[in-house]
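Enquirer: Taking this note's numbering, the leading residue of the sequence shown gets 1, the next gets one more, and so forth. The C-beta atom is built at its ideal place from N, Cα and C for all residues, glycine as well. Sharing a structure below in structure tokens format, with a few things to ask.
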Amino acid sequence: MRILNFLLLIICLLAKPLSTSAQVIQPTTDEEYNYGAVGYKLQLNARLDTKEGYILKDAEGCEEPERKIEYKIMYRKGDVHPCAVILVYTKLRNAPQYYCIPTPNANPQLWDKFYKSLTIGTDNPGEQLQFFTSCLGRLMMGFAIGKP
1 MRILNFLLLI
11 ICLLAKPLST
21 SAQVIQPTTD
31 EEYNYGAVGY
41 KLQLNARLDT
51 KEGYILKDAE
61 GCEEPERKIE
71 YKIMYRKGDV
81 HPCAVILVYT
91 KLRNAPQYYC
101 IPTPNANPQL
111 WDKFYKSLTI
121 GTDNPGEQLQ
131 FFTSCLGRLM
141 MGFAIGKP
């Protein structure tokens, strides 16, 4: 009986690091989504600091002669996984547009908001979405090779 208890203890101790290394990503909250889609622009215009409790890191964007996309990867302080991606789309002679891409496990309503926001403010949604897709593909591959 003592050997069985000892073996169970060893198994539990060995399994503990495995369970802690398989970290679950916390989903994007409504507040985080709103910050990425609206609040970040307000912060820039007012020249305020980044929202408390968060860190923004630049990721490689895309640029063409008439337009560009910049990415801000949003992390909760202390987390290693992003909680959202802020996409800033600027077309020549137009004000930037801000989009927030939630985590895959975020509330489906946030994904619906993101989806609906993609064609707002454009006269040629097909062309804009093609550019978005190309740039997001680059971002995705950057993450895949460990270089966002």
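Once DSSP output is grouped into helix, strand and coil, what is the label at ASP112?
Expert: Counting from 1 along the sequence shown, the entry for residue 112 is found at position 112. Helix, per DSSP.
Enquirer: Using a 10 Å radius around the Cβ and a threshold of 16 neighbouring Cβ atoms, would you call GLU64 buried or exposed?
Expert: What you label residue 64 is simply residue 64 of the sequence shown in a count that begins at 1. Classification for GLU64: exposed.
Enquirer: Can you tell which of LEU136, CYS62, LYS41 and ARG67 has its C-alpha closest to the C-alpha of LEU92?
Expert: For this step, residue 92 is matched to residue 92 along the sequence shown. Taking only the C-alpha atoms, the option nearest LEU92 is ARG67.
Enquirer: Can VAL38 and TYR98 be called in contact, C-beta distance under 8 Å?
Expert: By one-based count along the sequence shown, residue 38 stands at place 38. By one-based count along the sequence shown, residue 98 stands at place 98. It is a contact, given that the beta carbons lie within the stated cut-off.
Enquirer: Quick check: the segment 108-123 against the segment 39-57, are at least 3 beta-carbon pairs closer than 8 Å?
Expert: no
Enquirer: Using only alpha-carbon positions, find the residue among LEU139, PRO104 and MET140 that is nearest to CYS83.
Expert: Counting from one through the sequence shown, the residue named residue 83 turns up at place 83. CYS83 has its Cα closest to that of PRO104, out of LEU139, PRO104 and MET140.
Enquirer: Compare the beta carbon distance of VAL88 and ILE69 with 8 Å and say whether it is the shorter of the two.
Expert: As a first step, residue 88 must be located in the sequence shown, where it is residue number 88. As a first step, residue 69 must be located in the sequence shown, where it is residue number 69. Yes, Cβ-Cβ distance for VAL88 and ILE69 is below 8 Å.
Enquirer: Terminal residues of the continuous alpha helix (DSSP H) containing TYR33?
Expert: Taking the sequence shown and counting its residues from 1, the one referred to as residue 33 is at position 33. Looking at the DSSP string, the run of the alpha helix (DSSP H) that includes TYR33 is 30-34.
Enquirer: Under the rule that 16 or more other beta-carbon atoms within 10 Å means buried, what is MET74, buried or exposed?
Expert: The residue you call residue 74 lines up with position 74 of the sequence shown. So MET74 ends up on the buried side.
Enquirer: Tell me ARG150's beta-bridge partners as DSSP assigns them.
Expert: No information on residue 150 is available, as it lies outside the stretch 1 to 148 that the chain covers here.
Enquirer: Assign PRO82 to one of three DSSP states: helix, strand, or coil.
Expert: Counting from one through the sequence shown, the residue named residue 82 turns up at place 82. Looking at PRO82 - three-state DSSP - the assignment turns out to be strand.
Enquirer: Residues bridged to GLN97 by DSSP?
Expert: Along the sequence shown, one-based indexing puts residue 97 at 97. TYR89.
Enquirer: Identify every residue that forms a DSSP beta bridge with PRO27.
Expert: In the sequence shown, the residue the question calls residue 27 occupies position 27. In DSSP, PRO27 forms no bridge with anything.
Enquirer: To the nearest angstrom, how far is it from the Cα of VAL215 to the Cα of ASP112?
Expert: Shown here, the chain extends from 1 to 148; a query on residue 215 therefore has no answer.
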